[in-house]
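Visitor: Dropping a structure here in structure tokens format, bear with me for questions.
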Amino acid sequence: MKLAERSGWIAPSATMAMDTAAKEMVRRGIDVISFGVGEPDFDTPENVKQAAVKAIEAGRTKYTPAGGIHELKVAIQQKLARDNGLEYGLDQIVVTVGAKHALYNLAQVLLDPGDEVIVPAPYWVSYVEQVRVTGAVPVVVQTRGENGFRLTAEEFRRAITPRTKALILNSPSNPTGAVYRREHLEALAEVAVEHGIAVISDEIYEPFIYGGAQHVSIASLGPEIKALTLVVNGVSKSHAMTGWRIGFIAGDSRVIKAVTSLQSHSVSNPTSIAQYAAIEALTGPQEPVQRMVAEFARRREYLVQRLRALPGVECDMPEGAFYVFPKISAVFGKSLGGRKVTDSASLCQLLLEEGHVSVVPGSAFGAEGYMRLSYATSMENLEKGMDRIERVWNALA
Ligand SMILES: *Cc1c(COP(=O)(O)O)cnc(C)c1O
Numbered sequence: 006m007k008l009a010e011r012s013g014w015i016a017p018s019a020t021m022a023m024d025t026a027a028k029e030m031v032r033r034g035i036d037v038i039s040f041g042v043g044e045p046d047f048d049t050p051e052n053v054k055q056a057a058v059k060a061i062e063a064g065r066t067k068y069t070p071a072g073g074i075h076e077l078k079v080a081i082q083q084k085l086a087r088d089n090g091l092e093y094g095l096d097q098i099v100v101t102v103g104a105k106h107a108l109y110n111l112a113q114v115l116l117d118p119g120d121e122v123i124v125p126a127p128y129w130v131s132y133v134e135q136v137r138v139t140g141a142v143p144v145v146v147q148t149r150g151e152n153g154f155r156l157t158a159e160e161f162r163r164a165i166t167p168r169t170k171a172l173i174l175n176s177p178s179n180p181t182g183a184v185y186r187r188e189h190l191e192a193l194a195e196v197a198v199e200h201g202i203a204v205i206s207d208e209i210y211e212p213f214i215y216g217g218a219q220h221v222s223i224a225s226l227g228p229e230i231k232a233l234t235l236v237v238n239g240v241s242k243s244h245a246m247t248g249w250r251i252g253f254i255a256g257d258s259r260v261i262k263a264v265t266s267l268q269s270h271s272v273s274n275p276t277s278i279a280q281y282a283a284i285e286a287l288t289g290p291q292e293p294v295q296r297m298v299a300e301f302a303r304r305r306e307y308l309v310q311r312l313r314a315l316p317g318v319e320c321d322m323p324e325g326a327f328y329v330f331p332k333i334s335a336v337f338g339k340s341l342g343g344r345k346v347t348d349s350a351s352l353c354q355l356l357l358e359e360g361h362v363s364v365v366p367g368s369a370f371g372a373e374g375y376m377r378l379s380y381a382t383s384m385e386n387l388e389k390g391m392d393r394i395e396r397v398w399n400a401l402a
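With this note's numbering applied, the sequence shown corresponds to residues 6 to 402, in that order.
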């Protein structure tokens with residue numbers, strides 16, 4: 006059977022081999038501590054679960070409108086006004102099967118083959134693959150650690166060509182935890198408006214901000230940039246609802262209409278029951294979110310302090326999400342048991358085999374010389390895992 010050409014445009018995930026190796030060790034009965042987790046380790050709040058149970062009992066188990074039920078769109082509309090100072094009509098909002106699906110849909114309705122999309126690195130892996138599958142070209146721009154891994158207006162400007170269609174922004178960022186401040190966004194918005202470039206703003210980590218930083222949506226900076234911005238968000242990370250698959254997009258009504266049509270022919274609608282649960286997540290008490298953020302803040306401090314104690318490691322205090330992204334290239338060239346560390350992937354392989362900890366190499370996010378550790382795991386695991394990393398680290402020579 007001959008596969009479509011575009012099936013070959015998607016690269017297998019660079020983290021896959023590591024993940025498979027870690028799972029294989031667990032299967033053999035070895036206790037591996039994972040710093041690789043990409044979702045909150047908390048349970049979905051009880052009130053949200055109850056809303057889903059109620060929806061089932063009330064028979065809300067049939068098809069819904071393709072773009073989501075009216076009550077959820079209203080809840081999203083209110084959330085955007087309340088938290089982000091953004092006013093949208095209901096025709097500017099669509100509910101999707103998670104934020105990943107929101108981003109996928111946007112790539113499908115916005116991009117023609119040959120179009121260019123600017124993706125600041127380190128990036129979330131799916132951005133580049135979703136762009137590629139449309140035949141468009143991801144233009145990866147390296148951001149610098151000195152700038153807190155934030156794309157500068159100058160770097161943005163330099164990457165623009167006549168084919169540039171969109172910029173993908175992710176604040177707070179996975180994998181770096183970077184948070185763009187208002188002034189950073191204002192500078193980027195000016196360039197986007199000047200060139201008429203769409204901004205896909207992935208705000209899925211919105212509530213996870215620590216130490217006085219604040220989340221700002223680039224769309225809130227004025228009517229011109231708002232018209233160009235597609236805000237992507239959802240309840241997966243904020244309300245520990247990754248398995249429920251509810252995300253949304255807000256922006257240009259023509260884009261929303263195209264996404265809704267695409268959905269009507271692909272997924273029909275996001276799961277009815279999960280949509281009712283999402284209404285409760287967005288309109289119900291937010292204490293569970295605050296509790297989760299407070300616990301993440303505590304773990305972040307601990308993890309950064311432990312990493313900074315390792316000789317050669319440079320680790321900024323990330324302002325958002327639940328990841329730290331230390332620079333680890335100082336150990337390149339060192340060895341342990343005859344095995345040489347040559348890059349972030351070989352270091353992570355060594356940490357797995359010698360230390361029984363799983364960490365994601367920076368190369369998976371387009372950033373060699375770094376690694377990503379998630380603190381969406383218990384304090385006990387963080388302590389145990391860091392003890393193990395420290396042991397391997399000190400044995401490298
Ligand atoms: C987790 C994640 C998403 C996907 O969220 P879902 O709602 O689970 O699809 C999108 N963007 C980034 C950066 C993420 O880390």
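All residues carry an ideal CB built from backbone N, CA and C; glycine is no exception.
1) Around the C-beta of ASN179, are 16 or more other C-beta atoms found within 10 angstroms, so that it is buried, or is it exposed?
2) In terms of residue numbering, what span does the alpha helix (DSSP H) encompassing GLY390 cover?
3) Just reading off the beta strand (DSSP E) that MET403 is part of, what are its end residues?
4) What are the partner residues of GLN291, as DSSP defines its beta bridges?
5) Does chain D have any CB closer than 8 Å to the CB of ALA402?
6) On the three-state DSSP scale, how would you describe GLY13?
7) With a threshold of 7 Å on Cβ separation, who are the neighbours of GLU373 within its own chain once the five nearest residues in sequence on each side are excluded?
8) For PHE330, which of TRP129, ARG187, GLU92 and LEU85 has the nearest alpha-carbon?
9) Tell me which same chain residues have a C-beta within less than 6 Å of the C-beta of ASP96, skipping the five on either side of it?
10) Is the beta carbon of ILE61 less than 8 Å from the beta carbon of ILE278?
11) Rounding to the nearest angstrom, what Cα-Cα distance links ARG296 and PRO50 in this structure?
12) Cα separation between THR247 and LYS339?
13) Compare the beta carbon distance of LEU233 and ASP207 with 8 Å and say whether it is the shorter of the two.
14) Starting from ASN152, trace the alpha helix (DSSP H) in both directions and tell me its first and last residue.
15) By Cβ distance below 6 Å, which residues in the same chain neighbour VAL145 in space, the five residues on each side in sequence not counted?
16) So PRO275 and VAL37 are supposed to be a Cβ contact under 8 Å. How far apart are they, rounded?
17) Within 7 Å: the Cβ of HIS106 and any heavy atom of ligand 1?
18) Give me the DSSP bridge partner(s) of ILE123.
19) Can you tell me which of ILE205, VAL272 and LEU267 puts its alpha carbon nearest to the alpha carbon of ALA255?
20) Can you give me the start and stop residues for the alpha helix (DSSP H) that GLY360 sits inside?
21) Looking at GLY150: is its Cβ nearer than 8 Å to the Cβ of PRO118?
22) What residue from GLU188, PRO143 and ALA299 has the CA that sits closest to ALA158's CA?
23) Among GLY41, MET6, ALA9 and ARG11, which one has its Cα closest to the Cα of ALA369?
24) Between which two residues does the alpha helix (DSSP H) containing VAL114 stretch?
25) In chain order, what residues of the same chain have a beta carbon less than 7 Å from the beta carbon of ARG304, not counting five sequence neighbours either side?
26) Whose CA, out of VAL264, ALA104 and CYS320, lies closest to the CA of MET376?
27) With distances taken between CB atoms, is the gap from GLN264 to VAL122 smaller than 8 Å?
28) Tell me whether SER167 is buried or exposed, calling it buried when 16 or more other Cβ atoms sit within 10 Å of its Cβ.
29) To the nearest angstrom, how far is it from the Cα of THR181 to the Cα of TYR132?
Guide: Let me spell this out:
1) Here residue 179 refers to the residue found at position 174 when the sequence shown is read from its first residue. Under a 10 Å Cβ-count criterion, ASN179 is classified as buried, with 16 or more other Cβ atoms of the shown protein chains found around its own Cβ.
2) For this step, residue 390 is matched to residue 385 along the sequence shown. 384-400 is the extent of the alpha helix (DSSP H) around GLY390.
3) Only positions 6 to 402 of the chain appear in the structure, and residue 403 is not among them; the question remains open.
4) Taking the first residue of the sequence shown as position 1, residue 291 is located at position 286. Answer is none; GLN291 lacks a bridge partner.
5) No chain D appears in the structure shown, which is made up of a single protein chain.
6) Residue numbering aside, residue 13 sits at position 8 when the sequence shown is read from its first letter. Note: GLY13 maps to helix in three-state DSSP.
7) In the sequence shown, residue 373 corresponds to position 368, counting from 1. Listed in chain order, the non-local C-beta contacts of GLU373 below 7 Å within the same chain comprise ASP348, SER349 and GLY367, local neighbours out to five positions each way being set aside.
8) The residue labelled residue 330 in the question sits at position 325 within the sequence shown. Measuring from the Cα of PHE330, the nearest candidate turns out to be TRP129.
9) Sequence index remark: in the sequence shown, residue 96 carries index 91 (1-based). The residues SER258, in chain order, have a CB closer than 6 Å to that of ASP96 in the same chain once the five nearest residues on each side in sequence are set aside.
10) Here residue 61 corresponds to residue number 56 of the sequence shown, with the count starting at 1. Here residue 278 corresponds to residue number 273 of the sequence shown, with the count starting at 1. Pairing ILE61 with ILE278 gives a Cβ-Cβ distance under 8 Å.
11) For this step, residue 296 is matched to residue 291 along the sequence shown. For this step, residue 50 is matched to residue 45 along the sequence shown. When rounded, the distance between both Cα atoms is 11 Å.
12) If you number the sequence shown from 1, residue 247 lands on position 242. If you number the sequence shown from 1, residue 339 lands on position 334. Rounded to whole angstroms, THR247 to LYS339 spans 39 Å at the Cα level.
13) Numbered from its first residue, the sequence shown carries residue 233 at position 228. Numbered from its first residue, the sequence shown carries residue 207 at position 202. No, these two residues do not count as a Cβ contact at 8 Å.
14) The count along the sequence shown starts at 1 and reaches residue 152 at position 147. Element bounds for ASN152: n/a, residue is neither H nor E.
15) Position 140 of the sequence shown, counted from the first residue, corresponds to residue 145. Here the set comprises VAL124, ALA126 and GLY371.
16) The residue you call residue 275 lines up with position 270 of the sequence shown. The residue you call residue 37 lines up with position 32 of the sequence shown. Actually they are not in contact, since the Cβ atoms of PRO275 and VAL37 sit about 34 Å apart, beyond 8 Å.
17) In the sequence shown, residue 106 corresponds to position 101, counting from 1. Yes, the beta carbon of HIS106 sits closer than 7 Å to at least one heavy atom of ligand 1.
18) Counted from its first residue, the sequence shown places residue 123 at position 118. Residue pairing by DSSP places ILE123 opposite VAL144 and LEU172 in a beta bridge.
19) Counting from 1 along the sequence shown, the entry for residue 255 is found at position 250. Among ILE205, VAL272 and LEU267, the Cα nearest to that of ALA255 belongs to ILE205.
20) On the sequence shown, position 355 is the one that residue 360 refers to. Segment 349-360, the alpha helix (DSSP H) holding GLY360.
21) Indexing the sequence shown from 1 puts residue 150 at position 145. Indexing the sequence shown from 1 puts residue 118 at position 113. The answer is no: Cβ separation not under 8 Å.
22) As a position in the sequence shown, residue 158 is number 153, starting the count at 1. Checking every option, the nearest Cα to that of ALA158 belongs to GLU188.
23) Residue 369 sits at position 364 when you count from the first residue of the sequence shown. For the residues GLY41, MET6, ALA9 and ARG11, the minimum Cα distance to ALA369 belongs to GLY41.
24) What you label residue 114 is simply residue 109 of the sequence shown in a count that begins at 1. Counting along the chain, the alpha helix (DSSP H) containing VAL114 begins and ends at 104-115.
25) Numbered from 1 along the sequence shown, position 299 holds the residue referred to as residue 304. Taken in chain order, the residues that qualify are TYR380, MET384 and LEU387.
26) Stepping through the sequence shown from its first residue, residue 376 is reached at position 371. Nearest C-alpha to MET376: CYS320.
27) What you label residue 264 is simply residue 259 of the sequence shown in a count that begins at 1. What you label residue 122 is simply residue 117 of the sequence shown in a count that begins at 1. Reading the sequence as shown, one finds Val at residue 264 and not Gln. Cβ atoms of VAL264 and VAL122: not closer than 8 Å.
28) What you label residue 167 is simply residue 162 of the sequence shown in a count that begins at 1. Residue identity check: residue 167 is Pro in the sequence provided, not Ser. Label assigned to PRO167: exposed.
29) Within the sequence shown, residue 181 is the residue found at index 176, counting from 1. Within the sequence shown, residue 132 is the residue found at index 127, counting from 1. Spanning the two alpha carbons is a distance of roughly 15 Å.
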